[in-house]
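I have placed the structure first, in the form of structure tokens, so that the comments after it can refer back to it.
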Amino acid sequence: MGLIHIVLFKLKPTFSVQTFEQASSSLNKMSSHIPQVKHSSFGKNLTQRGKGYTHAVVVELGSMDVRYRFKL
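Start counting the sequence shown at 0; every next residue gets the next number (numbering that gives the first Met the number 0).
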């Protein structure tokens, strides 16, 4: 069985649109560059329950053993 890892972000208001687009593209393409990543998704928090977190990245790793390579 694989492992789902979620990272929450609080982006600063000064974060530029260009930097955001570059980061979003890179995070969504992680599986193209890191063989152990089966899928990745980056997006905006759409709820009022985010406790200040504005965005998240969700990464699916191929196995539980892979987590040690990423220090999870």
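Yeah, the Cβ is synthetic: ideal placement off N, Cα and C, and Gly gets one too.
Just so we're clear, the structure is a prediction, and the values are computed from it rather than from any experiment.
Cβ-Cβ distances below 8 Å link lysine 43 to Thr53, His54 in the same chain, with the five nearest sequence neighbours on each side left out; the list follows chain order. If you ignore the 5 residues before and after alanine 22, its C-beta comes within less than 8 Å of the C-beta of Phe41, all in its own chain and listed in chain order. Secondary structure note for serine 31: its alpha helix (DSSP H) is the uninterrupted segment 29–32. The secondary-structure analysis by DSSP pairs alanine 55 across a beta bridge with Leu7, Gly42. Here the C-alpha atom of methionine 63 lies approximately 12 Å from the C-alpha atom of lysine 37. Counting of Cβ neighbours within 10 angstroms places leucine 7 among the exposed residues, the total staying below 16.
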